[in-house]
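Numbering (my numbering), first residue to last: 328 to 476. Quick notes on the structure that follows.
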């Protein structure tokens with residue numbers, strides 16, 4: 328498997344085009360407003376984007392109350408990882424894990440934070456070196472905070 332990890336911030340459509348339709352309304356219309364505080368990284372195999380995600384250096388416009396309460400992490404040097412996606416037909420090949428590995432290896436001293444809204448993702452992030460730090464109090468919209476440092 329010949330994988331290339333690259334910064335696609337200047338050509339975001341290669342990431343946007345692979346996203347599921349229900350994710351696009353949360354990212355594409357807002358890209359111009361936060362592209363100066365975000366980077367897109369993609370993982371390609373034979374010139375096809377097989378994984379991607381966004382890295383934010385400051386607050387997103389549509390953060391949850393739980394995420395807003397964690398804004399202090401930006402001042403502590405953490406970057407926020409969001410919207411990691413692997414197309415369904417490319418799953419079960421460890422591509423998201425490889426995307427995270429490339430990201431972490433690119434700047435080994437960088438710290439990251441993220442939140443998840445689906446409990447089944449806990450195992451994935453823990454096996455990739457993230458540590459569960461906090462859980463939201465909202466029982467209806469549960470979220471979990473993970474850090475990598």
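Ideal Cβ positions, reconstructed from N, Cα and C, are used throughout, including at glycine. Quick caveat: nothing in here was measured; it's all calculated off a predicted structure.
- By the Cβ rule, the segment 331 to 340 counts as touching the segment 362 to 372, because three or more pairs are nearer than 8 Å.
- Going by C-alpha positions, residue 427 is about 11 Å away from residue 451.
- Straight-line spacing of the CA atoms in residue 476 and residue 413 works out to 24 Å.
- The straight-line gap separating the alpha-carbon atoms of residue 446 and residue 329 is approximately 32 Å.
- Closest in C-alpha terms to residue 461, from the list 351, 472, 417 and 421, comes 472.
- Separation of residue 380 and residue 465 (C-alpha to C-alpha, rounded to the nearest whole angstrom) is 26 Å.
- Judged by their CB atoms, residue 358 and residue 407 are not nearer to each other than the 8 Å cut-off.
- In this structure residue 356 is exposed. Its beta-carbon is surrounded by fewer than 16 other beta-carbon atoms within 10 angstroms.
- Separation of residue 352 and residue 456 (C-alpha to C-alpha, rounded to the nearest whole angstrom) is 30 Å.
- In this structure, 394 is the residue among 438, 434, 420 and 394 with its C-alpha nearest to the C-alpha of residue 463.
- The alpha-carbon of residue 389 is positioned some 15 Å away from that of residue 382.
- Assigned with DSSP and collapsed to three states, residue 387 falls in coil, not helix or strand.
- If you compare the alpha carbons of 354, 474, 374 and 459 with that of residue 387, the shortest gap goes to 354.
- Per DSSP, residue 357 lies in no beta strand (DSSP E) and is assigned neither H nor E.
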